[in-house]
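Here's the structure we're looking at; comments come further down.
Protein chains in written order, with the numbering used here: chain A, 1 to 316; chain B, 1001 to 1263.
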């Protein structure tokens, strides 16, 4: 029997979708061995537990302590839930906040941790994990015995939708306030900038393959010829070659244009998360193994510095 | 203040690589300084230039071959380096974060830094858990995915911004001593100067094994085993155009015409 404890993800008063994916994964693992799935909502709004009451959940525990996210509160609460429920696996989101507490939980409970998983199976003894390496160029299978902390990648699994009848119970925790070493003081949203790329019909998006800042002009020229908007992947923004408001991906904007032209973009998972909803995806890349090829509809395998000037000529 | 920066030499794979069992064939592998660590080094060097950090020590777990990568960090401005290696690690893959953490903990106990800067993740295994795991292990405070650090540390507090998803940043205060995991884009990593490269050759690079660090070899056993490695199956039915740029550009422009992008 494999009981699961899944930690729900929410931020600034909103549940995040990965929570519903955690229910799907937790339910699957519990079912494989006739175990139970428990959820924990830590410092969430009152209505979260109701919203999360989906099929396959045994009990939803709510923990009320403080307002903002605090990894020490999360860690202490999860350790106490673990001591009470003795689950085999603790599932958390592989979100920025998930990665801020899950390793600490693993450390305190002396459990192994495996992160950013994209597939999971268990026979009750061994956990078989699929995860990527090298930015998605390789997949690996990892096996581990016994209890574990597991973080799951979001936007990878279906979201459980059927309503359920789980019991909702408050769970009292004792928080050692002396051990809270961090404090959240506020938030900042990246401003819209000059252009809202999420409104564009056609995006010409540039990545590391452009090599140098002065080459970005070529991309602007193509965008002008196509009456399109320029966006970028993370390294271009990290380098300061385009403003943050142009960044597509997990930490930037989610875009869903009619046409998305990915130029010199390898397609790391964080980038793909921001553009996979585009109607038609076109990649221009020299690397046939680049993960962008997996989601592209059309691809030119070739040197962007040869292809783009020709394309500009043909588009005028 | 003393800053410890973890520096990992990562493997990179070339196009057309082949997999043999659970390893990538040697001839397609090269090595590099982990990109995230490059930003962590830069942040430390800036702290030193501003007179906030007195000393920057790097720590690397790896065999002698990775000293070239360590010298890169020294050339950028770190003062000295510690490299940890032990025969026990020859046949251990470091997937189990607790092993890496145990080794780094021993170095932290030796060095007693005020601030530990680590990359958010390593470019090869993309695990992203070592920094927070280590922080909890050594009783330091921490913040994961930091993309801005205030350089004042008033009252022994680090003020940072954490990069959350969807363009949201969180302002957080962390009491020192602390571990911060550094996100790319927090600064612009410098290239080493020629002078820096020359100086790096003379900087102290101290090698330690498990005996030096009083690490019990028996505790080094990975609970995670890598059993398969393969190229992901493509679910895509992508139409690929290749060959002459004139031809491929024409095919794409025809498509764009069909879609109404080009008139």
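Ideal placement from N, C-alpha and C gives every residue a C-beta, glycine not left out. From a predicted model like this one, the values you see are computed outputs, not experimental measurements.
Q) What residues are listed by DSSP as bridge partners for residue 153 (chain A)? A) Reading the first chain from its first residue, position 153 is the one you call residue 153 (chain A). DSSP lists no partner for residue 153 (chain A).
Q) Does residue 7 (chain A) get closer than 8 Å to chain B when you measure Cβ to Cβ? A) For the purposes of this step, residue 7 (chain A) is taken as residue 7 along the first chain, with counting starting at 1. With 8 Å as the cut-off, residue 7 (chain A) does not count as an interface residue toward chain B.
(Q) Along the stretch 1195-1206 of chain B, where does the CB come closer than 8 Å to a CB of chain A? Name the residues. (A) none
Q: Specify the secondary structure class of residue 1151 (chain B) as computed by DSSP and reduced to three states.
A: The count along the second chain starts at 1 and reaches residue 1151 (chain B) at position 151. In the structure shown, residue 1151 (chain B) sits in coil (DSSP, three-state: anything other than H, G, I, E or B).
Q | Chain-ordered neighbours of residue 237 (chain A) on chain B, where CB pairs are closer than 9 Å | A | By 1-based counting over the first chain, the position of residue 237 (chain A) is 237. Chain B residues near residue 237 (chain A): 1185.
Q: With a threshold of 16 other CB atoms inside 10 Å of the CB of residue 169 (chain A), please say whether the residue is buried or exposed.
A: Sequence index remark: in the first chain, residue 169 (chain A) carries index 169 (1-based). Exposed: under 16 other Cβ atoms inside 10 Å.
Q: Assign residue 1005 (chain B) to one of two classes, buried (16 or more other C-beta atoms within 10 Å of its C-beta) or exposed (fewer than that).
A: For the purposes of this step, residue 1005 (chain B) is taken as the residue at position 5 of the second chain. Buried: at least 16 other Cβ atoms inside 10 Å.
**Q.** Closer than 7 Å at the beta carbon, the chain B residues around residue 106 (chain A)
**A.** Residue numbering aside, residue 106 (chain A) sits at position 106 when the first chain is read from its first letter. Neighbours of residue 106 (chain A) in chain B, taken as residues whose beta carbon is under 7 Å from its own, are 1133 in chain order.
Q: Specify, as a first and last residue, the run of the alpha helix (DSSP H) that residue 1136 (chain B) falls within.
A: By 1-based counting over the second chain, the position of residue 1136 (chain B) is 136. Looking at the DSSP string, the run of the alpha helix (DSSP H) that includes residue 1136 (chain B) is 1130-1138.
Q. Taking the beta strand (DSSP E) that residue 105 (chain A) falls in, what are its first and last residues?
A. Looking up residue 105 (chain A) in the first chain gives position 105. Per DSSP, residue 105 (chain A) belongs to no beta strand (DSSP E); it is in the alpha helix (DSSP H), 98-109.
Q: With a threshold of 16 other CB atoms inside 10 Å of the CB of residue 62 (chain A), please say whether the residue is buried or exposed.
A: The residue you call residue 62 (chain A) lines up with position 62 of the first chain. Buried: at least 16 other Cβ atoms inside 10 Å.
(Q) Would the stretch 1172-1188 of chain B count as touching the stretch 1028-1039 of chain B if we require 3 or more Cβ pairs under 8 Å? (A) yes
Q) On the three-state DSSP scale, how would you describe residue 1241 (chain B)? A) The sequence position of residue 1241 (chain B) within the second chain is 241, counting from 1. In the structure shown, residue 1241 (chain B) sits in a strand (DSSP, three-state: E or B).
Q. At a cut of 8 Å, does the stretch 1120-1140 of chain B reach the stretch 100-115 of chain A through at least three beta carbon pairs?
A. yes
Q) Do you know offhand how far residue 124 (chain A)'s Cα is from residue 33 (chain A)'s? A) Here the question's residue 124 (chain A) lines up with position 124 in the first chain. Here the question's residue 33 (chain A) lines up with position 33 in the first chain. If I take the Cα positions, the gap works out to 6 Å.
Q.
Using a Cβ-Cβ cutoff of less than 8 Å, which residues in the same chain neighbour residue 1054 (chain B) once the five nearest sequence positions on both sides are dropped?
A. As a first step, residue 1054 (chain B) is located in the second chain; it is residue number 54 there, counting from the start. So the qualifying residues of the chain are 1001, 1002, 1048.
Q) Given that residue 295 (chain A) touches chain B, what residues does it touch there, using C-beta distances under 7 Å? A) Taking the first chain and counting its residues from 1, one reaches residue 295 (chain A) at position 295. 1236, listed in chain order.
Q: Between the Cα of residue 40 (chain A) and those of A:309, A:31, A:9, spot the shortest distance and give me the residue it belongs to.
A: Position 40 of the first chain, counted from the first residue, corresponds to residue 40 (chain A). Closest in C-alpha terms to residue 40 (chain A), from the list A:309, A:31, A:9, comes A:9.
Q) Which of the three DSSP states, helix, strand or coil, is assigned to residue 124 (chain A)? A) Within the first chain, numbered from 1, the residue matching residue 124 (chain A) stands at position 124. Correct three-state label for residue 124 (chain A): coil.
Q | Bridge partner(s) assigned by DSSP for residue 1142 (chain B) | A | Counting from 1 along the second chain, the entry for residue 1142 (chain B) is found at position 142. Answer by DSSP bridge pairing, in chain order: B:1179.
Q.
Pop quiz: residue 1106 (chain B) and residue 1025 (chain B) are said to be a contact at Cβ under 8 Å. What is the actual Cβ separation, rounded to whole angstroms?
A. The residue labelled residue 1106 (chain B) in the question sits at position 106 within the second chain. The residue labelled residue 1025 (chain B) in the question sits at position 25 within the second chain. Their Cβ separation, rounded to whole angstroms, is 34 Å, which puts residue 1106 (chain B) and residue 1025 (chain B) out of contact at 8 Å.
Q. Between the Cα of residue 137 (chain A) and the Cα atoms of B:1234, B:1077, B:1251, B:1070, which residue gives the shortest distance?
A. Your numbering for residue 137 (chain A) matches position 137 in the first chain. The alpha carbon of residue 137 (chain A) has as its nearest neighbour, out of B:1234, B:1077, B:1251, B:1070, the alpha carbon of B:1234.
Q: Look at the alpha carbon of residue 260 (chain A) and the alpha carbon of residue 203 (chain A), and state the distance between them as a whole number of angstroms.
A: Locating residue 260 (chain A) in the first chain gives position 260, counting from the first residue. Locating residue 203 (chain A) in the first chain gives position 203, counting from the first residue. Using only the alpha carbons, I get a separation of about 5 Å.
Q: For chain B, find out if any of its Cβ atoms is closer than 8 Å to the Cβ of residue 43 (chain A); answer yes or no.
A: Along the first chain, one-based indexing puts residue 43 (chain A) at 43. So, not an interface residue.
Q: Report the rounded CA-to-CA distance for residue 218 (chain A) versus residue 308 (chain A), giving the unit in angstroms.
A: On the first chain, position 218 is the one that residue 218 (chain A) refers to. On the first chain, position 308 is the one that residue 308 (chain A) refers to. In a straight line, the C-alpha of residue 218 (chain A) is about 8 Å away from that of residue 308 (chain A).
Q: Check whether the Cβ of residue 11 (chain A) lies closer than 8 Å to any Cβ atom in chain B.
A: For this step, residue 11 (chain A) is matched to residue 11 along the first chain. The C-beta of residue 11 (chain A) comes closer than 8 Å to at least one C-beta of chain B.
Q. By DSSP, does residue 173 (chain A) sit in helix, in strand, or in coil?
A. One-based indexing of the first chain puts residue 173 (chain A) at position 173. Note: residue 173 (chain A) maps to coil in three-state DSSP.
Q | Minimum Cβ-Cβ distance from residue 1023 (chain B) to chain A less than 8 Å | A | Residue numbering aside, residue 1023 (chain B) sits at position 23 when the second chain is read from its first letter. With 8 Å as the cut-off, residue 1023 (chain B) does not count as an interface residue toward chain A.
Q | Identified DSSP bridge partners for residue 16 (chain A) | A | Position 16 of the first chain holds residue 16 (chain A). In the DSSP output, where bridge partners are listed per residue, residue 16 (chain A) has none listed.
Q: To the nearest angstrom, report how far apart residue 1058 (chain B) and residue 1010 (chain B) are at their CA atoms.
A: Stepping through the second chain from its first residue, residue 1058 (chain B) is reached at position 58. Stepping through the second chain from its first residue, residue 1010 (chain B) is reached at position 10. Using only the alpha carbons, I get a separation of about 15 Å.
Q: Have a look at residue 179 (chain A) and residue 173 (chain A) and give me their C-alpha separation to the nearest angstrom.
A: For the purposes of this step, residue 179 (chain A) is taken as residue 179 along the first chain, with counting starting at 1. For the purposes of this step, residue 173 (chain A) is taken as residue 173 along the first chain, with counting starting at 1. Residue 179 (chain A) and residue 173 (chain A): Cα-Cα distance of roughly 14 Å.
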